[in-house]
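In my numbering, the protein residues as written are 1126 to 1205. Backbone N, C-alpha and C fix where the C-beta goes; we use that ideal spot for every residue, glycine too. Written below as structure tokens is the structure these notes are about.
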Amino acid sequence: MARITIEDCQERVDNRFLLVQMAIKRIQQYRQGYLPLVESKNKEVVTALREIAAGKILPEDLTYYIPMENPEAVIRDDDD
1126 MARITIEDCQ ERVDNRFLLV QMAIKRIQQY RQGYLPLVES KNKEVVTALR
1176 EIAAGKILPE DLTYYIPMEN PEAVIRDDDD
């Protein structure tokens, strides 16, 4: 079972407060009808964090963004 943690997301975004704001904004987008950018059977908050950890969602200020070393490595949803 794959799990997503704040530490996984902090590998991409170097600020916890910004990370929370990004996740909240993404959840609001889901509720407006936006489709998820990664496949996930989880709740909205987990899906948002998965997108951030996968590098699919970027902060407006890219100085907080840490590019992925291996873009082929994506956190997968292995939950049943």
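Item                                                                           : Value
First and last residue of the uninterrupted alpha helix (DSSP H) at I1149      : R1141 to R1156
V1138, DSSP secondary structure in three states                                : strand
8 Å CB neighbourhood of L1162 in its chain, flanking five on each side removed : E1176, A1179, K1181 and I1182
Reference L1187, options R1137, T1130, I1131 and D1133, closest by Cα          : R1137
Segment limits, alpha helix (DSSP H) that includes I1177                       : E1169 to A1178
Pairwise C-alpha distance: E1194 and T1223                                     : With the chain covering only 1126 through 1205, there is no way to say anything about residue 1223.
Reduced DSSP secondary structure (H/G/I, E/B, other) of D1133                  : helix
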